[in-house]
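Asks: Input: one structure, supplied below.
2 protein chains.
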Amino acid sequence: MIKIPGFLGSAVSSGVKKKGKKDLALIYSEVPAKAAGVFTTNIVKAPPVILGMDRIKSGFCQAVLVNSGVANAFTGKLGLKDSIVSSKDVADQLGIAESLVIPSSTGVIGGRLPLDKMKKAMPKLVKELREDGFLDFADGIKTTDAFPKYAVKQISIGKKKGTIAVIGKGAGMIAPNMATMLAYILTDFNVEKRALSKVLRNTVKDSFNKIIVDGDTSTNDTVLILANGKLGNSTIKESGAEYKKFEKTVLEVATEVAEMIVQDGEGATKVAKIIVKGARTEKDADKIARTLGTSLLVKTAFFGEDPNWGRIVAAAGRAGVNFNPNKIDLFFDDHKVLSNSKKVMDEKKAQSVLKKPKFEVTLNIKTGKSSSFVIASDITFEYVKINSHYRT
Amino acid sequence: MIKIPGFLGSAVSSGVKKKGKKDLALIYSEVPAKAAGVFTTNIVKAPPVILGMDRIKSGFCQAVLVNSGVANAFTGKLGLKDSIVSSKDVADQLGIAESLVIPSSTGVIGGRLPLDKMKKAMPKLVKELREDGFLDFADGIKTTDAFPKYAVKQISIGKKKGTIAVIGKGAGMIAPNMATMLAYILTDFNVEKRALSKVLRNTVKDSFNKIIVDGDTSTNDTVLILANGKLGNSTIKESGAEYKKFEKTVLEVATEVAEMIVQDGEGATKVAKIIVKGARTEKDADKIARTLGTSLLVKTAFFGEDPNWGRIVAAAGRAGVNFNPNKIDLFFDDHKVLSNSKKVMDEKKAQSVLKKPKFEVTLNIKTGKSSSFVIASDITFEYVKINSHYRT
């Protein structure tokens, strides 16, 4: 059960999704929470993202309104007005300033928000707000997600024990019609504004920005962090041991949810952590890791549980990073596959690693001391099925 | 029937491929031909590529030896020695200098060349050289290719009528175990060395470098042009009307073969020409076109014959090129889908375009006057099947 002191959650069905499934969800903080956000880098930004980027500048947020089923993306000025209207509707119901509401939308690109349905559902949405309403919230923001995604951890900083929770959704970077990665980090710790932005930046870099399902980037991606200070701890500042402990825990909880998104990647059967070591710079390591994590040939080999090291080496070679191809080491978990580019793999052992639902691939290019990683899914028949809407 | 005066071709079975399929192929020019080559940009270069890059520096080539089934990639110094030995074997049989032989290999990464089998097969390979042996050659260089790929055209430059032929192979940029794009451009025109390099560079840029099956780049990709001058025309120089006519025709013939490679892309059912117009620079247009041509969501939508313009717009937005997302036009063939980012698509008409095996997608971002394109396949169940070696 996820409870974060001072936060309430809820979700209801507004009638956009079929069969009475929940499609409108709300986070409410009893007091305006200090807040920071990161948003999609896609230049085609959906109106709720444009509005959220503007509103987060105040550094405060008291409510997050999420609708699933319609992305309100590529809807222009009318779409922006729709986001403003729906967040005003919920602000009125909550009795707070509309500028403290940040909206997110996820679903079909090109469709307008169902304002009437949303407005009708809002009194119930607000009435159902509960301390233990975050499972409903996690359910209400799903689109093609097979399961709701959340993680929570309590830690003591000084003498106060606080809570850090992450609730997210996503099953493809962009799903066919159902889209977007969303994640909300909620905590009752009291955190300085600049510290909060820094935690968010660092956390997203090493969690949500490391996951690859299909390599596409949504028009609606949003990650928010809200700290309501309800715990009454002495403010966590931008550095020091308390900051480090806080950031470390936020990253841990966010990583749990990020891995869930890969595990639930459209059609995915594998979660592979691809680690690149021995690069001159972290950027170089990242380039190779991302090339491997998006290579169709690598991802289909994972699906086939095929220890096809040739594809890994060939994909690394086209990443645009210089290294000596005669000196690399490659591991599947701790089983050595290549030693100074010589094959030392035991076929059966290598295969038994790839048969697991979760494994690590480690490539050492031995040109420096930097490393990076991505967490990637495989590409399967089911992926093609989900995304082709195959019409026979 | 492909005949190019002064060139002979052949192919035989050396026993590497099963069922007596041809796996060793040879091009021979009666005289040393002026030659130029372009090779894979992958830093993991197979030994035959390393050897070819060195030998082409002389500007001459008299024989091309291709083996299919084993890529001789990632085989280090021993692999380089193998390429040298096998090209010396064929040079001895032909009675020419070994430096005039350029080898290509395509097939499994990591395996050594079957030198003994190749040596045994060489007398027959040389004996079978014929003016009409290029269908055999096209067949002998296949790996996962479903059909042999070649195109030929005759043109008159001045009073002389010459021949330009292109023979190629490839079905995935890198296929799982069977790899590589290879293409050989043969002509009896007499062409100056620098002009030949320029023609090759320009041609590859607008033909073979525009095709996208899976976005991977092989360790063995090679395109060679050989001009043996047998026609006796006055030398084609680096500029002027004759040069232009020659280059135009080479590009036409190469484009035919490049499109065949996409058509035969692993599991492909569609050949989509994706054109991006109205960019500030050709590089910007190219970036967007490549992002669309490699986007899994765009490629699976093509497979599903789904006029999912949202995915196209979203993929364009993450290409790293600035444009106004409220001002774009989009066409499927000549059917307008978006006009200044407003949907004007007729669902049925749009779908009827995507039902065709070959169609154009044109995106106008209206920020400048430059354009570019790619030719891309779709991603299908069959693609996943071929590349996952699905083990049930």
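In order, the protein sequence lines correspond to chains A and B. Here our numbering is used: the first residue of the first sequence is 1, the next is one more, and so on. Here our numbering is used: the first residue of the second sequence is 393, the next is one more, and so on. For glycine and all other residues, C-beta sits at the position ideal for the given N, C-alpha and C. Predicted model only: the values in this text are computed from it and were never measured.
(1) For the putative contact between leucine 200 of chain A and valine 166 of chain A, defined by C-beta atoms under 8 Å, what is the C-beta separation to the nearest angstrom?
(2) I'd like the span of the alpha helix (DSSP H) that includes aspartate 676 of chain B, first residue to last.
(3) Along chain A, in chain order, which residues have C-beta atoms closer than 7 Å to that of aspartate 606 of chain B?
(4) Output, in sequence order along the chain, the residues in the region 755 to 776 of chain B whose CB is closer than 7 Å to any CB in chain A.
(5) With a threshold of 8 Å, are at least 3 pairs of Cβ atoms found where one atom belongs to the region 425 to 434 of chain B and the other to the region 445 to 455 of chain B?
(6) Put lysine 153 of chain A into one of helix, strand or coil per three-state DSSP.
(7) Counting pairs of beta carbons, one from the region 673 to 692 of chain B and one from the region 629 to 642 of chain B, are three or more of them closer than 8 Å?
(8) Identify the contact partners of valine 313 of chain A in chain B, using a Cβ-Cβ distance below 9 Å as the criterion.
(9) Taking the runs of the alpha helix (DSSP H) that are 4 residues or longer, which of them lie wholly in the region 691 to 756 of chain B?
(10) Across which residues does DSSP place valine 101 of chain A in a beta bridge pair?
(11) State the DSSP-derived secondary structure class of leucine 592 of chain B, mapped to helix, strand or coil.
(12) Checking 9 Å against the spacing of the C-beta atoms, do threonine 180 of chain A and alanine 254 of chain A come in under that value?
(13) Roughly how many angstroms lie between the CA atoms of valine 560 of chain B and isoleucine 396 of chain B, to the nearest whole one?
(14) For alanine 677 of chain B, count the other beta carbons within 10 Å of its own beta carbon; 16 or more makes it buried, fewer makes it exposed. Which is it?
(15) Just to confirm the assignment, what range does the alpha helix (DSSP H) spanning alanine 183 of chain A have?
(16) Please report the distance separating the alpha-carbon of leucine 8 of chain A from that of serine 68 of chain A.
(17) Less than 9 Å separating the beta-carbons of lysine 149 of chain A and aspartate 23 of chain A?
(18) Determine contact between the region 266 to 273 of chain A and the region 378 to 390 of chain A, defined as no fewer than three beta-carbon pairs at a distance below 8 Å.
(19) Spell out whether any CB of chain A is found under 9 Å from the CB atom of histidine 781 of chain B.
(20) For threonine 41 of chain A, decide whether its Cβ has a neighbour in chain B, counting only Cβ atoms nearer than 9 Å.
(21) List, in order along the chain, the chain B residues whose C-beta lies closer than 8 Å to that of serine 341 of chain A?
(22) Please specify which runs of the beta strand (DSSP E), each continuous and at least 3 residues long, are wholly inside the region 428 to 478 of chain B, giving them in chain order.
(23) Relative to the alpha-carbon of lysine 329 of chain A, which residue among A:Phe302, A:Phe74 and A:Val361 has its alpha-carbon at the smallest distance?
(24) Give me the chain B residues within the contact set of alanine 301 of chain A, using Cβ-Cβ distance strictly less than 9 Å, ordered along the chain.
(25) Could you check if phenylalanine 539 of chain B is buried or exposed, using at least 16 other CB atoms within 10 Å of its CB as the buried criterion?
(26) Applying a beta-carbon distance threshold of less than 9 Å, which residues of chain A neighbour proline 440 of chain B?
(27) Suppose you measure from the CA of aspartate 333 of chain A to the CA of valine 353 of chain A; what does that come to, to the nearest Å?
(28) If we define contact as Cβ-Cβ less than 9 Å, is glycine 702 of chain B a contact residue for chain A?
(29) Leaving aside the five residues before and after glutamate 520 of chain B along the sequence, list all residues of the same chain whose C-beta is less than 7 Å from its C-beta, in chain order.
(30) Relative to the C-alpha of glycine 229 of chain A, which residue among A:Val191, A:Ile386, A:Arg280 and A:Gly320 is closest?
(31) Strictly below 9 Å CB to CB, what residues from chain B border glycine 278 of chain A?
(32) With a cut-off of 8 Å on the beta carbons, I'd call valine 70 of chain A and leucine 94 of chain A a contact; round off their distance for me.
(33) Please classify lysine 283 of chain A: is it buried, with 16 or more other beta-carbons within 10 angstroms of its beta-carbon, or exposed?
(34) Checking contacts by CB at 9 Å: is valine 462 of chain B closer than that to chain A?
(35) For chain A, is any of its Cβ atoms less than 9 Å away from the one on proline 515 of chain B?
Replies: The short version:
(1) At roughly 11 Å, the Cβ-Cβ gap does not stay under 8 Å, so leucine 200 of chain A and valine 166 of chain A are not in contact.
(2) 674 to 686
(3) Leu296 and Leu297
(4) Correct list: Ile771, Thr772, Phe773 and Val776.
(5) yes
(6) strand
(7) The region 673 to 692 of chain B vs the region 629 to 642 of chain B: no contact.
(8) Val436, Ala465, Phe466, Ile501, Gly502 and Thr611
(9) 701 to 709 and 739 to 746
(10) A:Ala63
(11) helix
(12) Cβ atoms of threonine 180 of chain A and alanine 254 of chain A: not closer than 9 Å.
(13) Per the sequence shown, residue 560 of chain B should be read as glycine rather than valine. Approximately 15 Å, taken between the alpha carbons.
(14) buried
(15) Taken as a continuous stretch (DSSP letters only), alanine 183 of chain A belongs to no alpha helix (DSSP H), being part of the beta strand (DSSP E) at 182 to 187.
(16) 19 Å
(17) no
(18) With the cut-off at 8 Å, the region 266 to 273 of chain A and the region 378 to 390 of chain A touch.
(19) yes
(20) It does: the Cβ of threonine 41 of chain A has a partner Cβ on chain B nearer than 9 Å.
(21) Phe466 and Gly468
(22) 452 to 462
(23) A quick correction: the sequence has aspartate, not lysine, at residue 329 of chain A. Per the Cα distances, A:Val361.
(24) Pro568, Asn779, Ser780 and His781, listed in chain order.
(25) exposed
(26) Chain A residues near proline 440 of chain B: none, gap ~15 Å exceeds 9 Å.
(27) Rounded to whole angstroms, aspartate 333 of chain A to valine 353 of chain A spans 7 Å at the Cα level.
(28) yes
(29) Ser402 and Val404
(30) A:Val191
(31) Those within 9 Å of glycine 278 of chain A in chain B number zero; the least Cβ separation is about 15 Å.
(32) With a Cβ gap of about 22 Å, valine 70 of chain A and leucine 94 of chain A do not count as contacting.
(33) exposed
(34) no
(35) no
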